[in-house]
Every structure is written in C-alpha cells, then in structure tokens.
Amino acid sequence: MWKSKSDHAGNAQQDRDIIPPDIEDPPPQRQAHFNAATPSANFPQQLPPRPEPSRRQGLCPDARFCWPFSWDSWTLNTNGDTPLLLRRLCMWITLGVRVFNYVLAFIFQLFGFHIASMIVGIILGVLSFFFIAYCLSGIGNVQGSRRVLGISANRWHYDVFLLGSALIHIMLIPILFKYRSQVAYDVTWYGMWILIFGTWWTTTWVPEQTSYV
C-alpha cells in the first residue's frame, strides 16, 4: 500500500505504509532438493581383508609384560649379516653354558636326594634363564652409543663384551671339571651375572646425540 504526501515545496512523494510483520506476506518456501548418492567409480567395491591378530593378542589383547621376549633376537637366520650372526652365536654360547650348569646342578641334587635344594634350584634356574636371555637380547639389539665411565660405548664395544662373555663361559667348563675349583667357578659365575646385568643396564640409557660440528 502506497500513499502520496507533499513536502514543504508542494512536491508529491510516495511513501509506504508501515505494515506490521505479522501481516506481511511470508517469504516463499524453499524447496529442498535431495540428490541420491551415487557410488564413485574410483571407490573400491571390495575392501582388503583386515590383518588377523596374533595368538597372544587374540588370547590376551590387553596384556602388558614387564620383560617382552622375542625370538627374533635369537634367530641365526641373519640374511648374510656376518657380524650379526657372530653376535648371536656368542649370545647362544653364553646362554647354553648357563643352561648346562642348571641341568648339571639339577642332576647332582636329584641323585643326592636334596629335594628342597632341587626345587629351589629349579625355580631360580628358570628365573635366571629368562633374566639372562632378556639381558643378552637387549645387549645384542642396542643401537647408538652411550657414555659409560667417560667412554663412548658403541656397537663395537658391546660386541666385544658378548665375545668375552662367550669365551669366559666356555672356560667355566674346564674350571669345574678339570681344576675342580668351586670357589673360582662361583666367583666367575656370579661375577658374569652381575656384568651381564650391568652391561644391559647401560643399554637403557639415553643414547648420545650425533654431532655434525
């Protein structure tokens, strides 16, 4: 609705009445258009199969272990890597001599009818086996260098330790059977136990940063 009004000069002007919003014509309704989704030609029709969980993940999916143990650290299939093969041979020699000692002690206690000592020896032998195996695998897999007693210990130093450990454990056999020195055997045996643990402990330290200056 439009009305005309005159200004002071007598000119007619058109003016629009103020119409309340409740009686104003409503805006036209918008019609929504829905397009059916069509599958893309690039989208694969068949998805690849999901990887199946391992046996341990399937049985105990939320299990957490303090000392994870992997047989990959002990395999002799090194794909032609000679230093890695020699490193793992030294690990096997060290662990094998210690297992031989556990079996020998078990036989002596069995024939001596020391039942209590045999049970305690079996428990300690199993715990010591996994402990030494875990420490040796950590030493064998260490990367980088660590500052130990002012010396930057790298992969070469840890390999020398594994070689020395294997040779010392081989020497334990004639010490026990030929020289029959139980004191020397025990000192060497427990001394190597401490050295293996101490060397593994250094592998848990933060590696040194490589400097290019």
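According to the UniProt record's numbering, the residues represented by the sequence shown are 1 to 213, in order.
Even glycine gets a Cβ: it sits at the ideal position worked out from N, Cα and C.
Here glycine 96 is exposed, its C-beta having fewer than 16 other C-beta atoms within 10 Å. Scanning the region 74-162 for uninterrupted beta strand (DSSP E) segments of 3 residues or longer gives 146-148, 151-153, listed from N- to C-terminal end.
In the structure shown, glutamine 209 adopts coil according to DSSP, grouped into three states.
Under the three-state reduction of DSSP, glutamine 46 is assigned to coil, being neither helix nor strand. Between the C-alpha atoms of alanine 133 and isoleucine 139 there is a straight-line separation of about 10 Å. By the Cβ test, the region 110-119 is not in contact with the region 186-194, since fewer than three Cβ pairs between them sit closer than 8 Å. In this chain, the alpha helix (DSSP H) harbouring phenylalanine 197 covers 182-203. Of all C-beta pairs linking the region 68-82 to the region 144-151, fewer than three are shorter than 8 Å, placing the two stretches out of contact. The shortest C-alpha to C-alpha distance from serine 165 to any of Gln46, Ile93, Leu85 is the one to Ile93. Around tryptophan 205, the same chain offers Arg146 as residues with beta carbons nearer than 6 Å, after the five sequence neighbours per side are excluded. If you draw a straight line from the Cα of leucine 195 to the Cα of threonine 202, it comes to about 11 Å. Nearest neighbour of threonine 199 by Cα position, chosen from Leu176, Phe130, Arg155, Phe177, turns out to be Arg155. Here proline 207 has Gly144, Ser145, Arg146 as same chain residues with Cβ atoms under 7 Å from its own Cβ, once five neighbours each way along the sequence are excluded.
Burial is judged here by how many other beta carbons sit within 10 angstroms of a residue's own beta carbon; methionine 171 has fewer than 16 and is exposed. Between the alpha carbons of leucine 89 and isoleucine 168 lies a gap of roughly 14 Å. Excluding residues up to 5 positions away in sequence, Gly140, Asp159, Leu162 lie with their Cβ nearer than 8 Å to the Cβ of arginine 87 in the same chain. When the beta-carbon positions are compared, glycine 121 and phenylalanine 131 stay at least 8 Å from each other.
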